[in-house]
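Comments concern the structure below.
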Amino acid sequence: MAALIKDDSIYILNDGSSSESERDRLDVQHEICNDVMRNELLPSHIQRELLDLSSSRAPKVLDVATGSASWLRAIVKLLPPSAELVGLDYDPTKFPSPSLLTDNITLKEADMYRPFPKDLVGQFDVVHVRFIHFALKVGQGAELVKNLMTLLRPGGWIVWTETGINVASTEPPSPAWFKIQDVYSRFRRAIGAEPAMPVGLVAFIREAGCVDCDDRAYTGSSPLYTVKGTNWVERTHQHTGAIVLQMLKGITGFGAVDGVKTQENVDALYGELKADLTDKDRKIHYVFVRAWGRKPQEGHVNG
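My numbering numbers the first residue of the sequence shown as 56 and each following residue consecutively.
In structure tokens:
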């Protein structure tokens with residue numbers, strides 16, 4: 056396989072915020088995602104496989120674009136102490152304090168678009184990736200999965216979760232939210248970002264050559280009807296505002312969208328969103344999609 060090289064990053068959530076504030080945002084994002092996905096850190100059948108595997112050897116799990124390692128810090132609690140966990144990210148400033156990590160979690164700097172270090176290749180039972188749609192260009196989905204598959208043992212699993220601005224809605228409708236969706240849509244077209252997110256995940260995984268592929272969608276408002284519902288609207292308003300502000304700042308850096316090229320443009324549009332979100336009855340409805348597929352066993356012929 057020819058290596059997929061990322062020549063120019065299109066990632067827009069590095070806005071110059073402090074590493075501490077970005078780690079906090081990522082930790083909050085993990086908590087919201089976990090609540091939406093009903094505390095299912097992995098599909099149940101894949102988690103069972105890891106636990107069954109532990110009777111014969113240590114399961115090995117890798118998290119790509121790990122950021123603050125929030126997912127690793129959660130999944131480690133569900134695995135045996137013998138499990139080995141690795142987190143990779145191209146920006147190590149997002150890594151948490153070592154004091155927050157168990158001894159069996161290791162974090163390393165790496166670029167998911169480039170060949171991985173040889174000591175990682177073919178070693179893992181699960182490769183997990185989440186929320187990288189801001190960094191994905193048209194045509195990179197299946198090639199990225201192929202690169203991630205090099206990390207897997209035969210029979211190992213890719214698990215990929217995404218959501219997206221384009222599949223979110225508000226009720227009652229927010230005029231500012233419509234403007235933000237339009238800005239991101241124009242930006243995405245201008246810089247060639249992948250439009251098929253999150254609905255295209257399972258297609259990318261299947262195209263890359265995985266078997267036993269499937270996906271599941273989670274409705275982002277489902278926690279409203281659980282014990283989490285008491286402050287759910289406030290939590291999602293705060294987190295959405297933080298993401299939108301970073302996104303708009305990142306878009307101005309590219310200068311690719313008319314009307315969003317200056318800090319004054321950002322402040323005006325963000326101010327409109329904040330005004331709309333003063334309505335505590337206004338709900339933000341996201342859709343989260345998790346897709347998965349298995350690297351074929353040696354000797355398997357697809358099709």
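Ideal Cβ positions, reconstructed from N, Cα and C, are used throughout, including at glycine.
Leaving aside the five residues that flank ALA197 on each side, the residues in its chain whose CB is nearer than 7 Å to its CB run, in chain order, PHE259, GLU262 and ALA263.
Taking LYS304 as reference, the option from TYR325, GLN178, THR291 and ASP336 with the minimal CA-CA separation is TYR325.
Under the 10 Å beta carbon count, THR295 is surrounded by 16 or more other beta carbons and is classified as buried.
Between SER125 and LEU68, the gap from beta carbon to beta carbon reaches 8 Å or more. Check the Cα spacing between GLU327 and each of THR225, PRO114 and SER229: the tightest is with SER229. By the 16-neighbour rule on beta-carbons within 10 angstroms, GLN352 is exposed. Following the DSSP letters along the chain, one finds CYS268 in no alpha helix (DSSP H) but inside the beta strand (DSSP E) bounded by residues 266 to 274. The beta carbon of VAL266 sits closer than 6 Å to those of ARG349 and PRO351, all from its chain and outside the five residues before and after it, given in chain order. DSSP places ALA190 in the helix class (H, G or I) of the three-state scheme. According to the DSSP assignment, THR295 belongs to the alpha helix (DSSP H) that extends over 287 to 309. With a minimum length of 3 residues, the unbroken runs of beta strand (DSSP E) contained wholly in the segment 148 to 181 fall at 160 to 164.
The segment 135 to 145 makes contact with the segment 156 to 171: 3 or more CB pairs, one atom from each, lie closer than 8 Å. Between VAL91 and HIS183, the gap from beta carbon to beta carbon reaches 8 Å or more.
Here DSSP, grouped into helix, strand and coil, assigns PRO209 to strand. Within the DSSP secondary-structure output, TRP347 pairs in a beta bridge with VAL214 and ASP269. A straight line joining the alpha-carbon of PRO227 with that of ASP334 spans about 9 Å. In the three-state DSSP reduction, ILE67 falls in the coil class, being neither helix nor strand. DSSP, read as helix, strand or coil, puts SER99 in helix.
Taking every protein chain shown into account, the CB of ARG243 has 16 or more other CB atoms within 10 angstroms, so this residue is buried.
Between SER76 and ALA190, the CB-CB gap reaches or exceeds 8 Å.
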